[in-house]
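*Asks:* Structure incoming, see below.
2 protein chains.
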Amino acid sequence: MSDRFTVTYRIFAATPDEARARAEGIALEQTVEIPRDVVPAGYVEDEILGRVKTLERESNETFNARLSYSPDSAGPDLPQLLNVIFGNSSIQKGIEVTGLDLGPTLSARFPGARCGIAGVRAATGRAHGGLVAPVIKPMGLSVAEFALTARRVAEAGADVVKEDHGLANQPTAPFRERVPRLAEAVAAGNAARRAAGDTTQALYFPNLGGASTDLVGDAFFAKEAGAQGVLIIPGLQGFDAIHALARDQSFALPIMAHPAFLGPHVLSDDTGFSHGMMFGTLMRLAGADISIFPNFGGRFGFSPEECAQIVAACRTTEGPGDPILPSPGGGMSLERMPEMMRLYGENTMYLLGGGLLRYGDRIGDAIREMRNTLG
Amino acid sequence: MSDRFTVTYRIFAATPDEARARAEGIALEQTVEIPRDVVPAGYVEDEILGRVKTLERESNETFNARLSYSPDSAGPDLPQLLNVIFGNSSIQKGIEVTGLDLGPTLSARFPGARCGIAGVRAATGRAHGGLVAPVIKPMGLSVAEFALTARRVAEAGADVVKEDHGLANQPTAPFRERVPRLAEAVAAGNAARRAAGDTTQALYFPNLGGASTDLVGDAFFAKEAGAQGVLIIPGLQGFDAIHALARDQSFALPIMAHPAFLGPHVLSDDTGFSHGMMFGTLMRLAGADISIFPNFGGRFGFSPEECAQIVAACRTTEGPGDPILPSPGGGMSLERMPEMMRLYGENTMYLLGGGLLRYGDRIGDAIREMRNTLG
């Protein structure tokens, strides 16, 4: 059995010869990045150089090429693995990454989510039913205002109290002032919930939106303060920020990934990644436990098919690592919840953001209604 | 004078009303991310909410919208500033970022390159002429083989000896074994050059391609070992990795940025960033001193106009911070050097990669020929 890992690229080309030339070009570009005739014989040519394993016509203008690479070309680090998958070739039009098979060596090196669907459910205490994640927002409010909302939604039955991905270190609510107060508020909500006989609890996920050099320190600060998970934006902090925390045994909290700044990687048909690769496979590879994506029918333009592809990539038992929770958000009104539940089912974390604010002081009622719909 | 910062978006819309609605949508999306009717009165509405300052028709299907944002919406950190510029809106089709004006507060907070063109020139000792940067590659060779090439090109007159962006921690040449040996090799080349009466020197730039949590440590390790600059891939490590090192006074070495994994942000006409924004403005904002981009006419598809836009954005005196060196690479044969020099001029770092390997043991001759062409 080969130890190499395999990446599938959709190549836009008119003829088999052109597609073959492009595939061979990718094999060079993503590894040695030198002309074929100067590739050194021996280890570099035999092991490091990418190989075109298969090339199949998909349509009049597209081909699917499977290329294999040596684990040695990536080494131990995720940034370099991503670099081999799609570093320089991302700058050439007409190439889209649609598949990844890690093979045995890289599967051991990148074991994926620490918690996965089962771990997140265990932490909430909710064995069945869709999971509810109201969002704490908007930026510009005070810590006290955020805390009030956090307590209300936690008490009302939220599974995750997620901070808006735009909460960083703004003057009205900087991270290290905000997080202990919101952790307390969620704990108070959970205490009230327990007192009422509820065996589930809300997990508080602050956003690690500060400086990259503070990210790990902020994560542990949050854990110390009582947070039970974190939100990370890999488009801004790098996928390896997720990986670093997912692999840290002393951290061991679930990680939710946000899609901000990653749009261009999926919006174009002939470059970037397929939706499933970006918001399913890559998030799992990095070690995310929950992957947020823009729901269809809201203000983002993803189609139902693209959303289904993301969900399938999050939940497949074929890896990387354990299945994770897809988390649709955007345009998630209470009215749409029954439809959403029918489509996405229970192993889903349903985000409810701006629309929730319309309920004002009755925000808890909205959470309770949502919970009822989600089983 | 307003303290707010301004972002220009090209919006693809058929009518002024549609364009206006989309612009107002961006103002919400990039700040409060809630419906307009629930934006809290007072500070959030008056200060935090984005504002559409101007909206002008550009063509039948495009409009230019200038939006202003509060420095408070970004706070002190670059990830959140990028999040306000284009976080969620990056996931909507038909929006391209084409301009950024930091305003006074953010100009002080994000002062740009530490070295800039003048600083890099001062470090090399070369006051005039194009700068030459041969690339150490391909991955899979041994440290000794890399060191031999590094010494040869340094002795022959290279200004920067740049590592391939694919050199990370692969088994044949991991970072902490490789960097001290290559630093020594470049120092030996420089010593020979000095002995021959040359007053310039080659700067060695290793690639920080390892784990994100090692990045700052690796940078200081490299500096201790004798490196005189570093290469960073912001598409993989995050733009803030550049920022963190650029703002660290005890580091203070020039930083070269590589475009890998960023292609989808510029390849599509109706999403992402303009070429000048991505490879000029954003790199300067982060604090890069040298910005690599794919030269036209090579194996990447950038047009001469797109390259000219990048060069202009790197060199403009209008910021962010001081002008930086554009660094075209890809398809940079010696034969094309005179044409390149006429087009790009002397304040340019010319990358020469795979083609250089064709010279084998005579690689020094190629560097000398390149130097002669570049003045």
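So the sequence lines, in the order shown, correspond to chains A and B.
Just so you know, we're using my numbering here: the first sequence kicks off at 1 and counts up by one.
Just so you know, we're using my numbering here: the second sequence kicks off at 1 and counts up by one.
Cβ coordinates follow ideal geometry from the N, Cα and C atoms, glycine included.
Are any of the Cβ atoms in chain B nearer than 7 Å to that of methionine 1(A)?
*Replies:* Bear in mind that a pLDDT of 49 at methionine 1(A), under 50, signals an unreliable position, so the model cannot answer this.
*Asks:* Please identify the residue among Gly272(B), His258(B), Pro259(B) whose C-alpha is closest to the C-alpha of proline 264(A).
*Replies:* The shortest C-alpha separation from proline 264(A) is found at Gly272(B).
*Asks:* So if DSSP puts alanine 257(B) in a beta bridge, which residue, or which two residues, is it bridged to?
*Replies:* Ile232(B), Ser291(B)
*Asks:* Which same chain residues end up closer than 7 Å to valine 120(A) when comparing Cβ atoms and leaving out the 5 residues on each side of it in sequence?
*Replies:* Pro254, Asp289, Ile290, Leu325
*Asks:* Based on DSSP bridge pairs, tell me the residues matched to glutamate 96(A).
*Replies:* Arg10(A), Gly272(A), per the DSSP bridge assignment.
*Asks:* Taking glutamate 339(B) as the reference, give the member of Met349(B), Gly360(B), Leu374(B) with the closest Cα.
*Replies:* Leu374(B)
*Asks:* Does any C-beta atom of chain B lie closer than 7 Å to the C-beta of glutamine 201(A)?
*Replies:* no
*Asks:* Between proline 138(A) and valine 32(B), what straight-line distance do the alpha-carbon atoms span, to the nearest angstrom?
*Replies:* 5 Å
*Asks:* I need the straight-line Cα distance from serine 212(B) to serine 70(A), nearest angstrom please.
*Replies:* 22 Å
*Asks:* In the DSSP assignment, the beta strand (DSSP E) including alanine 133(A) goes from what residue to what residue?
*Replies:* 131 to 136
*Asks:* For glutamate 47(B), which residues of its own chain have a beta-carbon under 7 Å away from its beta-carbon, when the five flanking residues on both sides are left out?
*Replies:* Counting only Cβ-Cβ distances below 7 Å, and skipping sequence neighbours, we find Ser70, Asp72.
*Asks:* Which residue wins for smallest C-alpha separation from threonine 350(A), given the options Gln80(A), Val143(A), Ala158(A)?
*Replies:* One point to set straight first is that residue 350(A) is tyrosine, not threonine, in the sequence displayed. Per the Cα distances, Ala158(A).
*Asks:* Assuming the contact rule is C-beta atoms closer than 8 Å, valine 52(B) and alanine 65(B) should be a hit. Round their C-beta distance to whole Å, please.
*Replies:* 6 Å
*Asks:* In the structure shown, what three-state DSSP assignment does glutamate 224(A) receive?
*Replies:* It is helical.
*Asks:* For a contact meaning CB atoms closer than 7 Å, what does histidine 265(B) contact in chain A?
*Replies:* Neighbours of histidine 265(B) on chain A, chain order: Pro264.
*Asks:* If you follow the beta strand (DSSP E) that tyrosine 344(A) is part of, which residue opens it and which one closes it?
*Replies:* Element bounds for tyrosine 344(A): not the beta strand (DSSP E) but the alpha helix (DSSP H), 337 to 344.
*Asks:* Determine whether the beta carbon atoms of valine 179(A) and alanine 222(A) lie at a separation below 7 Å.
*Replies:* yes
*Asks:* Terminal residues of the continuous beta strand (DSSP E) containing valine 160(A)?
*Replies:* 160 to 163
*Asks:* Please tell me whether alanine 241(B) has its Cβ less than 7 Å away from any Cβ of chain A.
*Replies:* Interface residue, yes.
*Asks:* Based on the DSSP output, what are the partners of asparagine 207(B) in its beta bridges?
*Replies:* Leu231(B), per the DSSP bridge assignment.
*Asks:* From what residue to what residue does the alpha helix (DSSP H) around asparagine 372(B) run?
*Replies:* 363 to 374
*Asks:* Under DSSP, the beta strand (DSSP E) around arginine 66(A) begins and ends at which residues?
*Replies:* Here the beta strand (DSSP E) through arginine 66(A) covers 62 to 69.
*Asks:* Our contact map puts glycine 319(B) next to arginine 368(B) with C-beta atoms below 8 Å; I'd like the distance itself, whole angstroms only.
*Replies:* About 37 Å; that fails the 8 Å criterion.
*Asks:* With the cut-off set at 7 Å, would you say arginine 207(A) and histidine 165(A) are in Cβ contact?
*Replies:* Correcting the residue identity first, residue 207(A) is asparagine in this sequence and not arginine. Taking 7 Å as the Cβ cut-off, asparagine 207(A) and histidine 165(A) qualify as a contacting pair.
*Asks:* Compare the beta carbon distance of valine 266(B) and methionine 278(B) with 7 Å and say whether it is the shorter of the two.
*Replies:* yes
*Asks:* What residues from the stretch 267 to 281 of chain B come within 7 Å of chain A, judged by C-beta to C-beta, listed N to C?
*Replies:* Answer in chain order: Leu267, Ser268, Thr271, Gly272.
*Asks:* What residue range does the beta strand (DSSP E) around proline 326(B) cover?
*Replies:* Annotation for proline 326(B): the continuous beta strand (DSSP E) segment containing it runs 325 to 329.
*Asks:* From which residue to which residue does the beta strand (DSSP E) around threonine 54(A) run?
*Replies:* 51 to 57
*Asks:* Could you give the C-beta distance for proline 111(A) and arginine 57(A), rounded to a whole number, given that I count them as a contact under 8 Å?
*Replies:* That pair is no contact at about 35 Å.
*Asks:* Have a look at the DSSP bridge pairing and note the partners of glutamate 352(A).
*Replies:* The residue you asked about is not glutamate; residue 352(A) is leucine in the sequence shown. Pro134(A), per the DSSP bridge assignment.
*Asks:* Inspect the CB distances between the stretch 236 to 256 of chain B and the stretch 182 to 199 of chain B and report whether three or more fall short of 8 Å.
*Replies:* No contact exists between the stretch 236 to 256 of chain B and the stretch 182 to 199 of chain B.
*Asks:* Indicate whether at least one CB of chain B lies closer than 7 Å to the CB of glutamine 249(A).
*Replies:* no
*Asks:* Counting C-beta neighbours from all protein chains within 10 Å, is the total for asparagine 295(A) 16 or more, i.e. buried, or is it exposed?
*Replies:* buried
*Asks:* Please work out which residues of its chain come closer than 6 Å, Cβ to Cβ, to glycine 364(A), disregarding the five sequence neighbours upstream and downstream, and give them in chain order.
*Replies:* Arg152, Ala156
*Asks:* Tell me whether the beta-carbon of threonine 62(B) lies closer than 7 Å to the beta-carbon of phenylalanine 12(B).
*Replies:* Note that the C-beta distance between threonine 62(B) and phenylalanine 12(B) is below 7 Å.
*Asks:* With a threshold of 8 Å on Cβ separation, who are the neighbours of lysine 93(B) within its own chain once the five nearest residues in sequence on each side are excluded?
*Replies:* Phe12, Asp270, Thr271
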